[in-house]
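Here's the structure we're looking at; comments come further down.
Residue numbers (the UniProt record's numbering): 1 to 267.
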């Protein structure tokens, strides 16, 4: 579980642990990870997902510590920000929301595919959003025209597009890959930063939806789909997710950015 120290990730980690499941909980802040360990007794792993070398190290550590992986939940994310006019970059010089919300989970899942396949039946659950906006491949990292909300929505659609691709690649292996909008404006740090004092859904609503995708045997063979909260059936995301050419362009861009980040000289 990435992003396990706060909000939805913490809620789901707690519920899974209470039910007797073993959870390897990821977080960025060592002190908060220590608090989570003390509260729940879970194993923890630390990495800043804004740097792809650390994502790579995270994958190495998971592969070293686990002999099986039943579910990977890519939950960690960055919202549109308090100042949505301010463009931020990751440690790799990549627009921050694209880097954390899409590239980190994209690279982590692909590094962990061999373990997931060996553990099959297994699942990948990508925590996306109903807030989606088509990627402008003429300016995918929003270097010419920036909006925090657009950056967030593009990154969330990128997650869903990558979900469709990975599901197709893994079809027949026993590993399913699905994306989820857990709930709208839950009372989380991300929401409070962008929309102070605003919440629409309870944390439990998003937690229930996430746990369903993790545990529901009725979804054991469902793959490559996008779910909206607790609605029983998959729904259609932004139409760009169904465009094979757009997904190819995103995949090529993602691979290029990951390769460049992992091969550049350390700062």
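C-beta atoms are modelled at their ideal positions from N, C-alpha and C, and glycine is treated no differently.
* **residue 82 versus residue 146 - alpha carbon distance** => Locating residue 82 in the chain shown gives position 82, counting from the first residue. Locating residue 146 in the chain shown gives position 146, counting from the first residue. Going by the C-alpha atoms only, they are around 14 Å apart.
* Would you tell me roughly how many angstroms separate the C-alpha atoms of residue 159 and residue 108, rounded to the nearest one? => The residue labelled residue 159 in the question sits at position 159 within the chain shown. The residue labelled residue 108 in the question sits at position 108 within the chain shown. Cα to Cα, the separation comes out at about 12 Å.
* What is the rounded straight-line gap between the Cα of residue 118 and the Cα of residue 86? -> As a first step, residue 118 must be located in the chain shown, where it is residue number 118. As a first step, residue 86 must be located in the chain shown, where it is residue number 86. So the alpha carbons of these two residues sit roughly 43 Å apart.
* Whether residue 142 touches residue 95 by CB criterion (8 Å) -> The count along the chain shown starts at 1 and reaches residue 142 at position 142. The count along the chain shown starts at 1 and reaches residue 95 at position 95. Going by C-beta atoms, residue 142 is nearer than 8 Å to residue 95.
* Asked: Does any residue of chain D bring its CB to less than 8 Å from the CB of residue 215?
  -> Absent from the structure is chain D; it holds one protein chain and no more.
* 3 or more residues per run - each beta strand (DSSP E) lying fully within the segment 48 to 124 -> DSSP runs (the beta strand (DSSP E)) wholly in the segment 48 to 124: 71 to 74.
* Asked: Are residue 156 and residue 101 touching if we call contact CB-CB under 8 Å?
  -> Counting from 1 along the chain shown, the entry for residue 156 is found at position 156. Counting from 1 along the chain shown, the entry for residue 101 is found at position 101. Yes; because the gap between Cβ atoms is below 8 Å, this pair is in contact.
* **Continuous alpha helix (DSSP H) stretch holding residue 7: start and end** => Translated into the one-based positions of the chain shown, residue 7 becomes position 7. Element bounds for residue 7: 7 to 18.
* So who's on the other strand from residue 44, going by DSSP bridges? -> For the purposes of this step, residue 44 is taken as residue 44 along the chain shown, with counting starting at 1. According to DSSP, which records beta bridges pairwise, residue 44 is partnered with 25.
* To do: Spell out the partners DSSP gives residue 181 in its beta bridges.
  => For the purposes of this step, residue 181 is taken as the residue at position 181 of the chain shown. 228.
* **Buried/exposed call for residue 178, threshold 16 Cβ in 10 Å** => Residue 178 sits at position 178 when you count from the first residue of the chain shown. The residue in question, residue 178, is buried, as its Cβ has 16 or more Cβ neighbours within 10 Å.
* Measure the Cβ-Cβ separation of residue 104 and residue 70 and say whether it is below 8 Å. => On the chain shown, residue 104 is found 104 positions in, with the first residue counted as 1. On the chain shown, residue 70 is found 70 positions in, with the first residue counted as 1. Going by C-beta atoms, residue 104 is not nearer than 8 Å to residue 70.
* Thinking C-alpha only, which one of 65, 252, 23, 51 is nearest residue 165? -> Position 165 of the chain shown, counting from 1, holds the residue named residue 165. Here the closest residue by C-alpha is 252.
* Asked: Based on Cα-Cα distance, which residue from 213, 205, 30 lies nearest to residue 44?
  -> Against the chain shown, residue 44 aligns to sequence position 44. The option with the nearest alpha carbon to residue 44 is 30.
* Asked: Taking the Cβ atom as the reference point for each residue, do residue 91 and residue 51 lie within a distance shorter than 8 Å?
  -> Taking the first residue of the chain shown as 1, we reach residue 91 at position 91. Taking the first residue of the chain shown as 1, we reach residue 51 at position 51. Going by C-beta atoms, residue 91 is nearer than 8 Å to residue 51.
* Among the residues of its own chain, which have a CB less than 6 Å from the CB of residue 9, if the five just before and after it don't count? -> As a first step, residue 9 must be located in the chain shown, where it is residue number 9. In its chain, beyond the 5 residues on either side, 1, 3, 75 have a beta carbon closer than 6 Å to the beta carbon of residue 9.
* Asked: With which residues is residue 126 paired in a DSSP beta bridge?
  -> Numbered from its first residue, the chain shown carries residue 126 at position 126. Answer is 74, 179, bridged to residue 126.
* Check whether residue 27 and residue 5 have beta carbons under 8 Å apart -> For this step, residue 27 is matched to residue 27 along the chain shown. For this step, residue 5 is matched to residue 5 along the chain shown. For residue 27 and residue 5, yes; Cβs fall inside 8 Å.
* Straight-line Cα distance separating residue 93 from residue 321 -> The first residue shown for the chain is 1 and the last is 267, placing residue 321 beyond what the model contains.
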